[in-house]
Structures are given as C-alpha cells and as structure tokens.
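Step one of this worksheet: look at the structure below.
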Amino acid sequence: MTRRTNLWSVARALLLWVAALTVTLPLLWVALASFKSPAQLNDPGLVLFAPNLDNWARVLEAGVLDAAGRSAMVATITVAISVVAGSMGAYAISAYKTGGSATRFGILAAQVLPPAVLVFPFLTMAYALRLDTTYIPVIFAHLSFVLPVITWFLIGFFDAVPRSLEEQARVDGFSRFAAFRMVVLPQVLPGIGAAAIFGFTLSWNDMFYGLILAPTQETILPVAIAAFNTFRGVELGAMSAAIIIAVVPVVIASFFIQRRLVQGISGGAVKF
Amino acid sequence: MSTRRRGLLASMGLAAALALTISGCAGSGGVDAPDSSGLGDIPADTEGTVRILMESVPDTDIVVDLVASFNETYPGIEVEIETLAFDQMRDKLIASFQSSEPAYDLIVVDNPWMDDFVDAGFLEPLDARIDSTTDYQPEDFFQPLVDITEVEGVRYGVPFYNYALGYLYRTDLYDEAGMAVPNTLDELVANVQQLTTSDRAGIAMQPQRGYKIFEEWANWLFAAGGSIYDETGNPTLDTPEAAAALDAYIEAFTTAAPANSSNWAFDEAFRSVSSGQSASMISYNWNLPGLNDPDGASGELAGSFALAPMPGGKQVLGSWSWAIPANSAASDAAWAFAAWITSPAVDVERVVAGGAAIRESTLSNPTVLESGFGEDYYAAIIAILSDAAPLSQGLGGEEMIQAVGTELSEAVAGTKTVEEALADAQAAVERIQR
Amino acid sequence: MAEVRFNKVRKKYGSTVIVDDVDIVFPDGSLTVLVGPSGCGKSTSLRMLAGLEEISGGEIMIDGRVINGLEPRDRDIAMVFQNYALYPHLTVLENIAFPLRATKTRRADALRRAQDVADSLGLGALTSRKPKDLSGGQQQRVAIGRAIIRQPAVFLFDEPLSNLDAKLRVETRFELLQIQRRLGITAVYVTHDQEEAMTMSDRMVVMRDGRVAQSGRPDEIYARPNSVFVATFVGSPKMNILSGTIADGAFTSPSGSRIAVGSTPAHDAVILGVRPDDLTLSPSPTGTAKVALVELLGPRAIVHLDASDDRLTSVVDAAALADLPVGALVDLSVRPGALHLFDPASENRLIEV
Amino acid sequence: MTSTMSFRWAMLAPVLTITGVAVGFPLGYALYLSLTDYRLTSRGAPNFIGLENYLFVLTDPRMWNAFSNTLAYVIVAVALQTVLGLTIALALQKQKWIRDLTRAMLLAPMFITPIAVGLTFRFLLNDQLGAIPAALRSIGISIDFFGPGNALMTLALIDVWQWTPFMVLLLLAGLESIPRQPIEAAKVDGASAWYTFRRVVLPLLTPVLTVAVLLRSLDALKVFEYVYATTRGGPGIETETIQYFTYQTGIQFFRLGEASAVAFVLLAIVMTLIVILFRRLQRSAPR
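Protein chains in written order, with full-length UniProt numbering: chain A, 1 to 272; chain B, 1 to 434; chain C, 1 to 353; chain D, 1 to 287.
Quick look at the structure:
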C-alpha cells in the first residue's frame, strides 16, 4: 500500500514536471528568440549569448503596446457587456427554466460558423450604420462568440443557487431585479470571474475580426503580432517579443485569479 | 421551452429581413466613385490626404522614407501609409472595397488580383494620366511589368516593384566544386546534387502547398522549355515539358533539398541558405543585397552570394503595381504621389536605397551602379526582367494559382503521380477560366 | 394587524389542480397552522399568499384588501423558509437588517435595529459572522430575526423547524410561539408535522388533495375529527381504525376481532376509530387479542396487539405492564364516550352517538 | 402573476437583443448570401440562385475532404486533450507545492493568439532551425512534422499544447466539486485507487467531461490559424480544414455565396451531432 502510494506520487511529480516543461520550453524558446539577432535565430541550440534589445525596440516602435491596450479595451468592453447581459439571460434561463437543455447547447452551435463567412455581414452593417471608424463592429463580432459562451457558462452557476434566496429577498421587500442583483448575483461572483477570464481569452486571441473590422491604423494585438509574418519572412525576434508582451500580463493576472477561477468553476458551470 | 425558441426564431427572422433590406449595399463598392479628372500633371498646390495601404516589407519602408522629399514638391498633400503583412493586407483590401465610402486613396496591387479588381470596377483606368504626365517615360518600365498592369489594352496601374525570381547561389561553393552556373534544368539538378553534403543541402526548396510551390516550380517549367499558357491563353500544364519539370523538381527535392522540408516556404528556405545549411535557392532577385549584408542573417557568409537568371533564361515574375481605387477620395493627389515615386529621378533614389527595380534606365544610371550592390547584380536583374512571366492571366488568378499549387503539392507528397497531378492542374485551370 | 382571508382560492398547473377552491380565514393576531401530507397544497397556498405563485382563481385578502396581483414586496409580509434562505454573502447583522434596505432606512438606523433584534434573539455575540459559520439553530434565529425586523402585517412560516434536530425543534417551537404572541402579528405556519400543528396553533387547517379537510381549534379537531383521514392524521400514536359491525355493545371486524363499545347503537357496516389512549386492555385467557410488542415510553407504554388479522395499538400506564407480557391474551374495550364512528362509504364522521 | 413572464423576458431582452444583432443578423445575412451567387468582386445586388450553392458544395469532394480532415483533427486533438487533461488535473488536485504558480503556468498557452502559436511551432519544429528536431536528432529520430501523413497530426498536437490547459482548468473544477463521501465510502470498502477512479470518480465526472469535450470540440472545429501559419492546407490537401477551405473559397477566391453554403452545411451537421449527443446524454443521465 505504502509502496504503491509512493510510486503514484513519484509518477505524479514526474507527470507534472513533464507537463510543466512541455508548456514552458516553447515559451522559453520564444523568450530567448526575442533577444536574438537574425543570425543568432538560425542557431536553435544557442542559449547563452549577449542579449540584443533590437527586437524589443522594434516591437515598441511598431506600437505593439498600443495594440495591446486596444485589445485590452475591446476585450474588456466585450466581456463587460457579455457579463451583464449574459448573467441576466442565464438567470432567466436557469431560474425560469426557459428553453430546454438542447437550447442550452444550441446557443453554442452558432460558434462553429466560420468567421470568414460572418465577417462580411458585420462589415456591411458597419458601413451601413457608419460605424466603420469605431470599435463597435469588432466588439459586436466578439460578442457573437463571447456572449453565448459566457451565458452558457453562467447558466450552470445559477442552477446551483437556491431559488429561495430570490424569493426571500422578494418577500423582504425587493423587486425581482433587485433580488437578482443584491442577492443572487453575489452568489455567482466567482463564476462570473471565471467566465469573464475565459471570455477575455477568446476576445484577446481573435485576429480575423480585428483585422477586417477594427478601424484603419488602429490594429489590435493579434493583428499586430501576425503582422510580423511578412512576405519576406517571419520576423521571429520581433514576433517573439510581441508574444511575450501579450502573454506575460495575462499569465501574471491568471496567477492571482486562478485559485478563485477553479473554485468559481467548481461552483457550477459544469452542471446542466 | 418553446417560448425561447420562438423568440430566437423571431429575432433571426427579423435579422434576416434586415439583411434583405441592407443587401442592396452588398457589392456596391465603387458605385459612388467620384469622377476622375484624368489629369496627368498634378498642380503642386494640390491639397489633400492620400491614404495608402501597403505591404509591410523593406520596399515600403523606402517609400515611407521618401515621403518627406515628396512633400517638398507637394506641401499640401498629406501621405498616410498603413502597412500590413501580405495576407492581412489582402483581406483588408478586399474588405475595404465593400464600402461605398473610400477607405484608401491609393493602393498597391499584387499581380494575380489585377484582372479581378479591374473586372469588379475597383480601379481607375490610368491611360490618360500616364500619357499626359510630363517626362514620365512610361516606355522605360520593364515590359513584363507593364503587361501586368494592362487589362484588355487599358493600363490600371504603374509598377511599384518587381519580385521576379532568379537563382541565388553561393559563389564560394560553386568555385570549390569547380562548377558553373547551370544552363539547363539537368545541370541545375546535377549541380544541386553535387553541392549536397551530409550537413548541407544543395538547394533549399519551397514546396509549401499553394502559392509557394507553384511560384517555385514554374521556374523549373520555364527552364524545361514549357509554359503556363500558350499564345491564345489556354493552359499548357499537361505537356511533356511540364512532366519533365515536375520530375526534375521532385528529384531535386528528394535528393538535394534539406531533410523534412515538405512545408517549407520562403522564410525557411531563406534562413537555411543564409545560415549556410543550403547552398542555393530559387527566389526573388532582391534577396541578394540582404544575403550579402554583413549585419543581416548571413553573418560571416555575407558577400559570398550571387544571382543568376534561371537556366534557359526565363523566370517567374511577380509585381506590385500602384493603382488608384475607383472610390478614391483624392485621386489627383494619389496620382501625384504615384507618378512622383515612379518617376525616373525618384526611382533612382528608391533603387539606391535598396528598392526593387522597375525601370531599365535606372539600372544603367551611374549613381545606381556605384551604390554598392554591384554591376553584376544589376546586369542579372536586367536579364531576368527582360524575360519573365507571371503565374496567372485573366480572372480568378488567385484561385488558379492555389489550384495548380495544390496539385503540385500532391505530386511532391506522392499522393498523385506526376501525370495525374498535371492533368488535374490543367483541368482545374480550364475550369477556372470558364 | 390583519386578518387574512382565502376566498375560493384555486391553483392549477396546466390541468392539474393543486389547490381547489379553498376558503380559509386566518383571524387577526392568530397563529394558524396549515398541516397535511406532502402534496396536499399547503405550501402552494402559503406561496400564493406570499406572492411567489400566481393565483389561478379566487381571491386572497389581507386586511380586507385583495392582494392577488401584488408583488410580494407590496404585501407587507415576512417569510421564513424551510432552508432559512440566509444570504450567504452577508453577515448575521446584515442579514437581519436586509429587509430595511428596501424601505430606504438609513444604514446606521437599520443596523442598530438589527442589533436590537439580534440581542433579543440571543444572537448578540454572533452578528459579524457569516451564515455558514452558524449552527442550524442559530441560522433559524437569524431567519426569524429577519422576518420580525420590519414588523410586517403577516408572518409566513414554511416548515421552519424541519431542518432542526428533535430537541431543538421543541425548544424553538416554544420560542417562536412566544415571539408571535408578544408581537401579536397574524401568522400562517405550514408544516407536515401534526404534533407541531397541535402544539402551536390557535387554529389548525388540515388539508388534503388541495382541499381543506377540517379546520378549527386543535383540541376540537383532535376530539372530533370529521373524517377518517383527519382522524388518522392527527394524534400520535395513530388512531386505530377498523371496519366491521356493531351489535350488542360490541364491535366485530370481519376477521373476528372484538371490541366492547358499551351502549353504542347497532350498525351493520361502520368504520370504528379509537385512539390508543382510549383502548383499554383487560387480560383474559379468552381474550381475542394478543400482546405482540411493548414499547416503554417512561410512565406510559405503547402496546402493539394482534387481533386476528388486525393490528391495534393501545397506550397504557407502565404500572399495568406486569399483567401484559408478550403473548398475553386480552379483551378490548373502548373508554366510554371516546368512540369515533365513520361512514364506510364516505369515510365521514357519523352523527354523534 | 403576469410579471413572471415579463420579468423573464426583461431579463432575456439584453442577451436576445445582442444575440439578435451580433449572431442573428450575420447568420441571417449569410443564409441569404448562401442562396445567391454573391462574389466579393461582384457589383450590384447578387442573383438569387436557390439551393445551387448547396448542391454544389454537397457534391464537392474537396468540401468533404476538408470536413473529414477537420473531424479527424478534432477527434485526435480532443481525445488527447481529454486524457492528458484528466491525468494532469488528477495530479494537480493532490499537489500542494507551489500550487498556484504551477497552475497559472500551465494555463499560459491559452493566452497566446493562435496564429502566433502556429508560427512559433512552425519554427520550433523546423528541421534546421527548430529545437525539437535538433533534440530528436540527437537520439536518432528524424521526422518530417509537416510532411505527408504527419502534418494533420502535428497540427492536432499544436492544438493539444495550446488547449489542454483549458481541459485541465475545467476538469480540475469538476474534480474539486465532486462530493467526498462516495470516494471515501469506496476507500472504506477497500477498493483500489484505479477501481475508485473508474467506478466512482469517472461517473461523477461525466457531466463535466461532456461539457469540456463539447466546448473544446466546437472550438477545435474552428481550426484555421495553425493551418494558415504552417502548411496552408498541404501537403496536397491533407491539412485543408473546413475553416481554411471556407476562407479560401469565400475570401481568397471571392465566392462568398458558396462559402456561406459550406458554413450552413457545417452548422447543420454540428447541430445534428449536438442533438444526437444530447438525446443520448439525457437517456443515460436521469435528471
């Protein structure tokens, strides 16, 4: 028994190490590449070298930080709208049993539609409503896949909140909406956090809608990163620096939230 | 249960109705185009903003650097250049045409798009402007580049830069082996095989499916004496020459190209050559200065590269052309900039700075010859540009290139025989032409 | 202070009738218990009164005002749920003060009043805790505190004690009653526990299948249940019920059990009900019933009897047990005047004998 | 109370409105386009051609090839992610040491835009420039990661690298929400760890697993960026996925009407699969 337990914990540690290395080594390679000169990039084994800051200078000059700021803005607005509308809708679906379970999954099906097909309707709408110089079209396009996912995520969380809380608050003198806002919503805050982070990831990573729908001259981060993939080759060094810029803040953030994230998800979301 | 579904249906129906009403807008790009003045010489006091969408490559950087000097002549014209990577730029450009509002006043057009854009009415005809521009010397442009800008006898663009291909090779390795630059396809195959050693490939190839493999292989096709189209414009891809070219291509790939390089494109091949892991490649002529740049990717190998035309003398030509969108909001100002940047005098400056050639006279200009890339280089470019042809003609260029590139890739991957692949390619091109 | 009145109140889900034309009066200041087996419509009635369920027909009035269409918040009620429904994210004090937030009371005032309520309920030391750190009994008190802070017109209790253990339940029952008496607020209390109903209520409404089976003072209902259902539902241990005939001062069941019933008139077919306390046993070698099992409760004991095919129970003084070993044969008789007779067809009480 | 209905609809109104605009409108528009001969380069209103596009794409072997490539990709990627995700989640659940750091690090790949992930792996797996082939060569292995027969699986592995973290995240949550008692009961009964896992943990985890697999599958169906960054659909048409196919048809080749039809065929198939899956779930899980 003890020997078995030891064996398992050794295997477990080994597995985690392998997983950690698998995740980190490519990232480490990217980090190294961001400090290499073009000639040094041709040598994969090169680990010790005098770091070169040209790539970073180039990336900063190319406005990647601004692009990151714009992406963060688009993602934040998208997620904020999705969380407000999604939590209200999810509660209506969960508490009032609106729609069957198939509908709950059906919400997600539209997710598989190719952006290549949906982008032109968005573009037409943007032009028709003269919104093409704003971020509104990108935000709407991102809402098309973030809002359903967040709504769907939250239904499960609301399922786990006893109905009597809302009823109690209503008897205590509040309207249904006040009951929802003051009593029910606080119960699913961790879940909302989890859903928000996941939604943020989706918006943060999208390149295609951002490329077509974002205002000219105001690229968002994935477009800026992909722009280093030029016809005359991939500017690996600069792209690597841009990737680091895109990843580090989010990983630091996820370090602080992930415990809540996992607990948040445990609260519901995965029941249907 | 059903209430929500009804709600969804209702909102979808509403949206569909909305779609139908708005659909009138679809494809209306260019309809509201302001009439072109057709002016060639644009007055120096013209005011306006020229928004340009360009590819993010060094040639664009050179153009950006020249804007200040343009503004000395045209102080009232503001030039705003937006750069994007090739693939992104294309998608963005197509999208911008869907608007009735002008998004760009001047664009650069890749050769396969030219016929489709003209057919769609996206571009302004430039004959009148070109012919009435003083001292413009349009006959000085390399003819193959001009041909690309012409659709049914009307010019819709002026050349911006060429990306004609050629054979880039290491002179030290050729000297070491006592070999001369290949004159036939067989010699090419034999040379690259001979250059192959255990730690170096004879030739870095670019068999990535689609554009890349076709762009590379077509050079082999020309070297084998074949062609993509006959004189009447019908495809000639299932000829014995094509089969010989594809056989040779596959032989070289399996015997002289780097191991495990089936998805390689330009980037990998360039890195392989610049790092000394491959002895040669077939690629754009303007790569030579980059390869020979001591501060570039080649490091110590800089200076040992040379450029030659393909065996047989004919190669694939790509080109970018300046064109004015039909819905340009500032077409006069746009032409002012396009005509200025391509004028004989400014072209010299651009080429000296490293820009790819478009004018024959520029390459014999003393300033250019002294500028450091070397007379041999410019001589090779003249040779290359005098006999070069694009991959596609007519409508559906992009699709035609992808279709042929897919069949070639099948042959290299071994999923089709050479004959099957070429027959399918021929059929595909014929289908697209219809 | 308010009287609550149900006037032909009806609740349907689709074609299923849950509450069927119910008329009930809840007198001002009284504590009325709605009791019945699960599914009898008692909770639904309470929830309609609270405004948590739509009323399909009839009227509910509070203090003469029809409240059918009103939102719960407009009905001036307070409710304690079975699971207490404490707000997990708020402290004890905030939970108690919560209803005052709806009345726009200043926060400081609200918290002070909540503190007073907490003190009066013995929660003074716990006010900064979160509900999850409280015991079941403490949570229960917080729920009560939250209900009383606003001094509503009507209290609603939905099985408020069923999540407590037996000992605590009896204590809390008493406390709750004291609070209600002290405040004099009309209370409607739902439970499935007839003992709770008996001990707490001023008035008791026994419900069955969406209808009122019987309502009245608990002692009246206990003494004169108007149907077999009420008779067996109320009282513990359960009333003995036997069908058979009565002739010559004795009841005989088809299986042959005999119970002496004194001077009761003869009936060809009748249902006889006798509470275990009223069934007297006299040991006799010729008795028709046999002692099967004895449960000692302290001063008294429950004796389970086999009488032919019928099983009966009797409650006797423990002192009498010496004569009643298991296996002993006994004669059965009913204490005079303690006989309940029901019509075998309708199961309703027969006119008084 | 009629207000139950009105409250419900009021609560649903924002999500329905936004969905109507952000999903319903483009969906309806694309549906309309799929019934026309619309090309990105065509002027004026497109012609209504009924189901012609559908007939064309349904009989187009390239479409079905793209579809089966995508399906193979999804199955391989999601199956691997599920097994790996579950194993890692089980291991992480018991881990105490630098717990938050490990977990945060493991999640990092999710936050990189997929096109950058694709490009990074294109070079990491490059035979001459990449660290991975160099390492493999030192132990005598030489693989053409993007070569015939391998390319699609390589893409699936990239997906596994980027998205196993998501699986870990969800499954970790699932594991932590499993009630303790059944597991403890099984332990008291003397069941082996494997038996406990198979007979107790796994059944309790099934709903979570289903959701995780479904979410991931729907997302994996959208594979585009990796193809775009590495193989462009080659060798031959081995890695031509449905999204890449649609992108080429609709945008590169301008035939948006036809591409829209492909999209709706895909939608119909996915919807059908979901409904079938859902029916089976409802039958197996009484609730």
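Virtual Cβ for every residue (Gly too), placed ideally from N, Cα, C.
Comparing alpha-carbon positions, which option in 327(B), 358(B) and 424(B) lies nearest residue 123(B)? 327(B)
Using DSSP with H/G/I as helix, E/B as strand and the rest coil, what is residue 209(B)? coil
In whole angstroms, what is the alpha-carbon distance linking residue 27(B) and residue 120(A)? Residue confidence is low: residue 27(B) scores 41 on pLDDT, short of 50, so the model does not pin down where it sits. Its coordinate-derived value is still stated next. Between residue 27(B) and residue 120(A), the alpha-carbon positions lie close to 10 Å from each other.
Unbroken alpha helix (DSSP H) run spanning residue 142(A), endpoints: 136-159
Given that residue 22(A) touches chain D, what residues does it touch there, using C-beta distances under 8 Å? 161
Could you name the residues of chain B that residue 260(D) contacts, counting a contact when the two beta carbons are closer than 8 Å? By Cβ distance, chain B contributes nothing, its closest Cβ being about 11 Å from residue 260(D), past 8 Å.
Note down, one range per segment and in chain order, each alpha helix (DSSP H) of at least 4 residues found wholly within the stretch 194-240 of chain B. 211-223
Counting along the chain, where does the beta strand (DSSP E) carrying residue 36(D) start and finish? Residue 36(D) -> no beta strand (DSSP E), and no H or E assigned at all.
So within the stretch 248-275 of chain D, which uninterrupted beta strand (DSSP E) runs reach at least 3 residues, ignoring any that extend past its ends? none
What's the gap between the Cα of residue 14(C) and the Cα of residue 44(C)? 15 Å
Alpha carbon of residue 309(B) to alpha carbon of residue 142(B), nearest angstrom: 16 Å
Taking the straight line between their C-alpha atoms, what separation do you get for residue 194(C) and residue 205(D)? 42 Å
Less than 6 Å between C-beta atoms, sequence neighbours within five positions excluded: which residues of the same chain meet that for residue 81(B)? 52, 54 and 64
Whole-angstrom distance between residue 205(C) and residue 186(C), CA atom to CA atom: 15 Å
Give me the subset of the stretch 67-86 of chain A whose CB atoms are less than 8 Å from a CB atom of chain C, sorted by chain position. none
Taking the runs of the alpha helix (DSSP H) that are 4 residues or longer, which of them lie wholly in the stretch 1-65 of chain D? 3-19, 25-34 and 52-58
Quick check on this structure: which residue in 23(C), 223(C) and 31(C) has the alpha carbon closest to the alpha carbon of residue 197(C)? 31(C)
With distances taken Cα to Cα, identify the nearest neighbour of residue 76(B) among 85(B), 43(B) and 98(B). 43(B)
Give the DSSP-derived three-state secondary structure of residue 84(B) in the structure shown. strand
What does residue 63(A) touch in chain C if you count any residue whose Cβ is under 8 Å from its own? Correct list: empty, because the minimum Cβ distance to chain C is about 43 Å.
Count the other CB atoms, across all protein chains shown, that sit within 10 Å of the CB of residue 45(B); report buried if there are 16 or more and exposed otherwise. exposed
Mind listing the chain B neighbours of residue 202(A)? Cutoff is C-beta to C-beta under 7 Å, in chain order. Within chain B, no residue comes near residue 202(A); the closest Cβ sits about 20 Å away, beyond 7 Å.
Inspect the beta-carbon positions of residue 66(D) and residue 152(D) and report whether they are closer than 8 Å. no
Could you tell me which chain A residues have their CB closer than 8 Å to the CB of residue 275(B), listed as they occur along the chain? 39, 42 and 43
Residue 179(C): CB within 7 Å of a non-hydrogen atom of the ligand MN: This structure lacks the ligand MN, and indeed carries no ligand of any kind.
For residue 254(A), decide whether its Cβ has a neighbour in chain D, counting only Cβ atoms nearer than 8 Å. yes
Output yes or no for whether 8 Å exceeds the beta carbon distance between residue 260(D) and residue 33(D). yes
Using the rule of at least 16 other Cβ atoms within 10 Å of the residue's Cβ for burial, across every protein chain shown, is residue 188(D) buried or exposed? exposed
Three or more C-beta pairs closer than 8 Å, one from the stretch 238-250 of chain C and one from the stretch 275-283 of chain C: is that the case here? Judged by Cβ distances under 8 Å, the stretch 238-250 of chain C makes contact with the stretch 275-283 of chain C, as three or more pairs qualify.
Determine the extent of the alpha helix (DSSP H) in which residue 163(C) is found, giving its start and end residues. Premise fails: residue 163(C) is in no alpha helix (DSSP H) and is neither H nor E.
Members of the stretch 79-99 of chain B that neighbour chain A once the beta carbon cut-off is set at 7 Å: 82, 84, 85, 86, 88, 91, 92, 95, 98 and 99
What residues from chain D crowd round residue 120(B), counting only those whose CB sits closer than 9 Å? 39, 40, 41, 42, 43 and 254
So what does DSSP say about residue 320(B), is it helix, strand or coil? strand
Against chain B, does residue 231(D) count as a neighbour if the rule is that its beta carbon must be under 8 Å from one of theirs? yes
Could you give the residue range of the alpha helix (DSSP H) that holds residue 263(C)? Element bounds for residue 263(C): n/a, residue is neither H nor E.
Looking at the C-beta of residue 239(A), does it have a partner C-beta in chain D at a distance below 8 Å? yes
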